[in-house]
C-alpha cells in the first residue's frame, strides 16, 4: 500500500491503542498519549513519502480500496449501534477489529499483496481474543493487539516502493 497505507494504519493503530487502554487507565490518562508518540514516526515518514494519489495497481485497485473502505465504515457504524443497543459495549472494539480485518481481504486481493493475508489473520485473532475474554480486559487485549498489528503493518507499508 505504500505511504498512504502506512498513514492509515498508524491512525487506526493509535485509535485502537487508546480505545483499548482507556477503560483500564481512564480516558484522561497521560499514558494514552503514548499511542500518538508511537505513531508519530510512521506518520511523519509516510507524509514525506506521499508522491502520488493513485495506488500501485491503478484505478481498479483504487476502486476496490474505495468500496472496501466504504463498506468498512458502514460495518463499523452497524457494529457500534447493534452492540450498544444490545448492551454489549464490551465487545464493540472486538467487533470493530473484526470489520477492519475483513475489509483487508478485497484490498489484498486487488493489490496482490500477500501481507494483507497475515494482517487479516492477525487482526481477526485480536478480535476473537476480545470476544472470548470480554470486559475491560478483552477490550484492552483487542485494542493493544490491533494497534501493534497496524503499527507493524504501517512499517511494512513504508517498505513498498513509491511511484511518481
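In the working numbering, the protein residues as written are 1329 to 1492.
Quick reminder that beta carbons are idealized off the backbone N, C-alpha and C, glycines included.
Please read these numbers as outputs of a predicted model, since none were measured by experiment.
Alpha carbon of residue 1402 to alpha carbon of residue 1358, nearest angstrom:
Within the chain shown, the letter at position 74 stands for residue 1402. Within the chain shown, the letter at position 30 stands for residue 1358. Residue 1402 and residue 1358: Cα-Cα distance of roughly 31 Å.
Alpha helix (DSSP H) segment containing residue 1391, residue limits
For the purposes of this step, residue 1391 is taken as residue 63 along the chain shown, with counting starting at 1. 1386–1413 is the span of the alpha helix (DSSP H), which, as asked, contains residue 1391.
So what's residue 1464 in DSSP terms, helix, strand or just coil?
Position 136 of the chain shown, counted from the start, is the residue given in the question as residue 1464. Here residue 1464 sits in helix by DSSP.
Which of helix, strand or coil does DSSP assign to residue 1416?
Here residue 1416 refers to the residue found at position 88 when the chain shown is read from its first residue. Residue 1416: coil per DSSP, three-state reduction.
Looking at C-alpha atoms only, which residue of 1421, 1397, 1478 is the closest neighbour of residue 1349?
Residue mapping note: residue 1349 aligns to position 21 of the chain shown, counting from 1. Comparing Cα positions, the closest option is 1421.
Just curious, the alpha helix (DSSP H) that residue 1331 is in, first and last residue?
The residue you call residue 1331 lines up with position 3 of the chain shown. Taken as a continuous stretch (DSSP letters only), the alpha helix (DSSP H) holding residue 1331 covers 1330–1353.
Helix, strand or coil for residue 1487? Go by DSSP, reduced to three states.
Stepping through the chain shown from its first residue, residue 1487 is reached at position 159. Note: residue 1487 maps to coil in three-state DSSP.
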